Structure formats: structure tokens, C-alpha cells
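Asks: First, the structure itself, so that you have it in front of you.
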Amino acid sequence: MSFSLITVSCSDDDDDMPTKPVLQLKELGSGHDSPTDKTAYIGSNVHISAEIIADGLIDKIEVTIEQKDGNYTIGKVYTDTKYAGNKNTHFHEHVDIPSDTPIGNYHFCLIVTDKFGQTAKEETTLTIKEHHHAE
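What follows is the structure, given as C-alpha cells:
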């Protein structure tokens with residue numbers, strides 16, 4: 102009687118990799134009264150709200166606002182424990198629009214990166230306008 106043992110490995114290095122993050126931009130606008138107007142005003146801020154699921158745990162969240170017909174860029178990276186290290190989170194921030202920001206159309210990008218280097222991205226157009234004060 103002969104006995105043989107055969108081992109087959111179905112393992113793949115990707116098996117240990119969690120699913121990529123999922124990002125859903127819910128609100129982008131001039132504030133809570135107009136959360137989805139995709140508009141921001143010079144000297145004010147832009148309201149951003151998104152739902153994030155990252156099985157690989159959030160490493161960082163990046164916001165970039167780049168002028169479409171120019172070189173002006175606004176950027177912010179969030180790495181604090183408010184978001185980093187979490188699996189699921191509601192991202193809610195207000196990014197300042199400096200007073201020297203040129204008016205016009207901007208490319209808005211929100212990127213979440215997990216601890217494994219995997220990313221999810223949401224992109225849209227953001228319009229930056231001059232702030233009109235009530236008289």
C-alpha cells in the first residue's frame with residue numbers, strides 16, 4: 102500500500118489584499134444651505150461631505166482644487182486620527198478659499214488612500230466666484 106500526499110496551494114498574494122476603498126461624494130458646495138451647488142466663494146470655504154468605506158483602513162484623505170485654465174491650486178491632506186485608521190467614516194470638512202484665489206472653474210478631486218496604498222477617487226468641477234456681500 103502506497104500513500105502519497107499532494108498539496109496544492111490556491112493562495113495568491115492578492116488574497117490578503119482587502120477590497121479597494123469606496124468613496125461617495127455626497128455634498129460639495131458653498132455651505133449647508135447650498136450643499137450641492139458645486140460653488141465656492143473667494144474668502145469663504147467649500148463644504149465637502151462624503152461617505153468612505155476602506156476595508157484596508159484609511160491612511161489619508163486628500164482634497165485638491167486645481168484651476169482649469171491656470172496654475173492656482175488649493176490642497177489639503179487629512180492624516181489625523183479623526184479619519185486615519187478608520188474603516189468607515191463620514192468625511193465632513195470645510196476647506197478655506199483664500200482671498201487671492203482667481204475666479205473660474207476648478208478641477209475638484211477627493212482621494213482616499215488605505216493602509217495598503219489602494220485608492221478611490223471622486224472628481225468634478227467646482228466653480229469659484231467672487232463673494233458678494235449684502236448691503
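Whatever position you read off the sequence shown (first residue = 1), add 101 for my numbering. Backbone N, C-alpha and C fix where the C-beta goes; we use that ideal spot for every residue, glycine too. Only a predicted model underlies this, so the values are computations on that prediction, with no experimental measurement involved.
Exposed or buried, what is V178 when buried is set at 16 or more other beta-carbons lying within 10 Å of its beta-carbon?
Replies: Counted from its first residue, the sequence shown places residue 178 at position 77. V178 is exposed by the Cβ-count criterion.
Asks: Return the chain-ordered list of same chain residues with a C-beta closer than 7 Å to the C-beta of S110, the five sequence neighbours on each side being excluded.
Replies: Within the sequence shown, the letter at position 9 stands for residue 110. Caution applies to S110, whose pLDDT of 46 falls short of 50 and renders its modelled position unreliable; the value that the coordinates give is listed next. Result list for S110: empty, nothing under 7 Å.
Asks: Would you check if there are 3 or more beta carbon pairs closer than 8 Å linking the segment 123-136 to the segment 163-181?
Replies: no
Asks: Under the rule that 16 or more other beta-carbon atoms within 10 Å means buried, what is V123, buried or exposed?
Replies: On the sequence shown, residue 123 is found 22 positions in, with the first residue counted as 1. V123 should be labelled exposed.
Asks: Figure out for me which residue from I204, T190, T140 has the closest Cα to the Cα of D170.
Replies: Start at 1 with the first residue of the sequence shown, and residue 170 comes out as number 69. Taking only the C-alpha atoms, the option nearest D170 is I204.
Asks: Leaving out the 5 sequence neighbours to the left and right, which residues in its chain are closer than 6 Å to I153 when beta-carbon positions are compared?
Replies: Reading the sequence shown from its first residue, position 52 is the one you call residue 153. Excluding positions up to five away in sequence, the list reads L124, T190, F192, V213.
Asks: What number of angstroms, rounded off, separates the C-alpha of I175 from the C-alpha of Q219?
Replies: In the sequence shown, residue 175 corresponds to position 74, counting from 1. In the sequence shown, residue 219 corresponds to position 118, counting from 1. Distance between the alpha carbons of I175 and Q219: 23 Å.
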